[in-house]
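Protein chains in written order, with the working numbering: chain A, 141 to 402; chain B, 23 to 292. From the three backbone atoms N, C-alpha and C, an ideal C-beta is built for every residue, glycine too. All values derive from a computational prediction rather than experimental measurement.
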């Protein structure tokens with residue numbers, strides 16, 4: 141356990157070094173929030189009657205979504221770099237579990253983003269954009285739980301893509317296509333309730349809505365009390381399924397690992 | 023004439039390097055295509071639900087958007103060398119250019135073509151254009167077609183100029199690559215929708231500081247003539263090529279200054 145804590149600490153310190161990336165993360169998120177708010181403002185301008193509530197909800201949705209995206213950003217090429225450079229063989233010789241190692245590395249990054257990126261961004265959002273508070277204290281704690289689960293769904297989904305680098309070596313294309321799917325199907329850019337029914341029906345069969353859509357809806361208090369448990373369960377189920385797939389692939393990958401040089 | 027032959031040879035080389043990794047590059051092109059489609063799909067989903075935003079219909083917004091993709095694709099096709107210039111300096115590749123009996127700018131421009139990015143963006147642009155060109159009430163007469171091409175080239179030059187400013191800094195070994203990406207791609211993101219949606223400070227920035235408004239909004243307005251053009255001086259609609267030329271001229275002077283004060287970083291990776 142101590143070892144993994146050290147890994148997390150190291151990745152935290154690594155993140156601090158790249159100062160420009162740090163600013164870029166915050167500014168990108170704020171610009172995205174800004175652009176989207178003005179688009180929705182333009183949409184709701186004409187429908188004055190419903191403007192008040194609807195507009196505030198959508199603004200809050202957008203802010204929470206982009207802040208979550210910022211915190212959930214992961215180093216997509218961590219494993220790929222190890223595989224291509226051959227360093228992976230060193231890692232596998234060490235008396236550690238590689239999966240836990242990768243996970244603790246990512247946790248370090250999350251802590252960094254929460255402390256140093258999320259905090260300034262949320263302060264700006266509260267003052268500039270009129271962020272609505274959480275529905276209630278109880279719902280806020282549900283939201284925190286659901287957000288953690290959302291992160292784990294995304295993490296386990298990502299892991300499957302990352303591990304494919306054992307076969308493909310270059311995963312830029314796969315990662316980018318996966319990102320595009322997540323952005324649209326998870327409700328990160330536009331709430332699912334505005335999407336056509338057939339698309340929502342399709343999304344319900346995938347893990348995507350468990351990443352952003354469920355936590356944000358919980359934050360907004362749109363999930364009735366009696367349905368919260370089943371929503372959280374849905375997230376846990378997907379974590380479990382994706383983790384298992386990842387585990388199978390990981391087993392297969394270690395068997396076929398070919399290191400070119402080192 | 024000679025230059026054309028050399029340019030042709032250079033492009034053939036880039037194409038060959040690309041075709042060496044056919045499978046990989048096809049997937050990269052596809053990936054870029056999907057990445058760029060995100061915002062298009064989001065726009066589509068919003069508009070299927072709300073039908074119009076401030077009097078802008080789906081096709082009109084797509085037409086506006088197509089300028090961004092097509093001019094960026096053109097810019098990358100012609101000027102990928104400027105985009106990667108920081109790298110050329112740091113790897114020492116630029117020092118080799120200095121020893122050759124050919125124009126510097128020519129070598130930089132000719133030595134790189136990024137086909138995956140050109141195609142990825144270009145295909146999105148062409149799809150948007152095909153869907154909208156005949157649906158937004160534009161009479162495609164000779165004059166309109168010519169201005170369309172000029173506006174695209176102008177837009178490409180405006181974007182190239184922004185990249186060239188940042189490239190020039192690397193002569194003094196100042197790295198601004200990340201800052202440039204931050205400014206460039208966020209401005210581009212904002213320019214995806216009509217600038218009239220935004221508060222006036224953002225409009226002014228996109229007109230006078232990072233003139234993305236001339237890449238898509240004003241040329242698109244020349245064709246669409248939506249009401250919100252009233253917010254701005256009408257002459258802007260015709261200015262795209264001039265903004266491009268003036269910007270490029272000023273940036274080129276800056277660049278010249280850089281070349282004069284350049285002393286090699288002293289290492290060559292090749």
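State buried or exposed for residue 194 (chain B), treating a residue as buried only when at least 16 other CB atoms are found within 10 Å of its CB. exposed
Leaving out five residues before and five after residue 331 (chain A) in sequence, what residues of the same chain have Cβ atoms less than 6 Å from its Cβ? 201
Assuming residue 82 (chain B) contacts residue 246 (chain B) under a Cβ cut-off of 8 Å, what Cβ separation, rounded to an integer in Å, is found between them? Right, their Cβ atoms sit about 6 Å apart.
Give the straight-line distance between the Cα atoms of residue 235 (chain A) and residue 242 (chain A), rounded to the nearest whole angstrom. 14 Å
Residues that residue 106 (chain B) contacts on chain A, provided the C-beta gap is smaller than 9 Å: Going along chain A, no residue has its Cβ under 9 Å from residue 106 (chain B), so there is no contact; the nearest lies around 16 Å.
Report the residues of the stretch 34-51 of chain B with a CB closer than 7 Å to any CB of chain A, ordered along the chain. Residues of the stretch 34-51 of chain B with a C-beta atom less than 7 Å from some C-beta of chain A are 46, 49 and 50, listed in chain order.
Going straight from the alpha carbon of residue 366 (chain A) to that of residue 296 (chain A), what length do you get? 27 Å
I'd like to know if residue 238 (chain B) contacts chain A, where contact means its C-beta is closer than 8 Å to some C-beta of that chain. no
Could you check the C-alpha separation between residue 231 (chain B) and residue 264 (chain B) for me, to the nearest Å? 15 Å
Under 7 Å Cβ-Cβ, which residues of chain B neighbour residue 310 (chain A)? 46
Ignore the nearest five residues each way along the sequence and tell me which others in residue 299 (chain A)'s own chain have a CB closer than 7 Å to its CB. 386
Using only the alpha-carbon positions, how far apart do residue 88 (chain B) and residue 146 (chain B) sit? 8 Å
Could you tell me the boundaries of the alpha helix (DSSP H) in which residue 215 (chain B) lies? Residue 215 (chain B) -> no alpha helix (DSSP H), and no H or E assigned at all.
Taking the alpha carbon of residue 304 (chain A) as the point to measure from, which residue in A:392, A:227 and A:198 has its own alpha carbon closest? A:392
Confirm, please, whether the CB-CB distance from residue 93 (chain B) to residue 273 (chain B) is below 8 Å. One thing to note: residue 273 (chain B) has its Cβ no nearer than 8 Å to the Cβ of residue 93 (chain B).
Just the Cα atoms here: how many angstroms apart are residue 150 (chain A) and residue 248 (chain A)? 7 Å
Burial state of residue 24 (chain B) (16 or more Cβ within 10 Å): exposed
Outcome for residue 277 (chain A) when other beta-carbon atoms lying within 10 angstroms are tallied against a minimum of 16: Residue 277 (chain A) comes out exposed.
Under a three-way DSSP split, which group does residue 112 (chain B) fall into? helix
Within chain B, partners of residue 341 (chain A) - CB distance below 9 Å: None at all; the shortest Cβ gap to chain B is about 15 Å.
Rounded Cβ spacing between residue 293 (chain A) and residue 350 (chain A) (contact assumed at less than 8 Å): Contact flag correct, Cβ pair sits at about 5 Å.
For residue 74 (chain B), the three-state DSSP class (helix, strand or coil): strand
Interface flag, residue 346 (chain A) vs chain B, CB-CB below 8 Å: no
Using 8 Å as the limit for Cβ to Cβ distance, is residue 274 (chain B) near chain A? No, because no Cβ of chain A sits closer than 8 Å to the Cβ of residue 274 (chain B).
Count the other CB atoms within 10 Å of the CB of residue 133 (chain B); is the residue buried (16 or more) or exposed (fewer)? buried
Continuous alpha helix (DSSP H) stretch holding residue 36 (chain B): start and end: Counting along the chain, the alpha helix (DSSP H) containing residue 36 (chain B) begins and ends at 24-42.
For the alpha helix (DSSP H) that residue 152 (chain A) lies in, which residues bound it at each end? 142-157
Within its chain, find whatever has a CB closer than 6 Å to the CB of residue 291 (chain A); leave out the 5 residues flanking it on each side and keep chain order. 212
For a contact defined as C-beta to C-beta under 9 Å, what are the partners of residue 248 (chain B) on chain A? The premise fails here: residue 248 (chain B) is roughly 13 Å from chain A at the closest Cβ pair, so nothing lies under 9 Å.
Tell me the rounded alpha-carbon separation between residue 306 (chain A) and residue 282 (chain B). 48 Å
Taking only the alpha-carbon atoms, compute the straight-line gap between residue 146 (chain A) and residue 244 (chain A) and give it to the nearest angstrom. 9 Å
Euclidean distance between Cα positions of residue 195 (chain A) and residue 288 (chain A): Approximately 27 Å between the Cα atoms of the pair.
Tell whether a beta-carbon distance below 8 Å holds between residue 212 (chain B) and residue 223 (chain B). no
What does residue 76 (chain B) reach in chain A if we use C-beta pairs closer than 7 Å? Neighbours of residue 76 (chain B) on chain A, chain order: 182 and 185.
Per-residue contacts from residue 353 (chain A) into chain B (C-beta, under 9 Å): Near residue 353 (chain A) there are no residues of chain B at all, since even the closest Cβ is about 14 Å away, more than 9 Å.
Between residue 202 (chain B) and chain A, is there a C-beta pair that is closer than 8 Å? no
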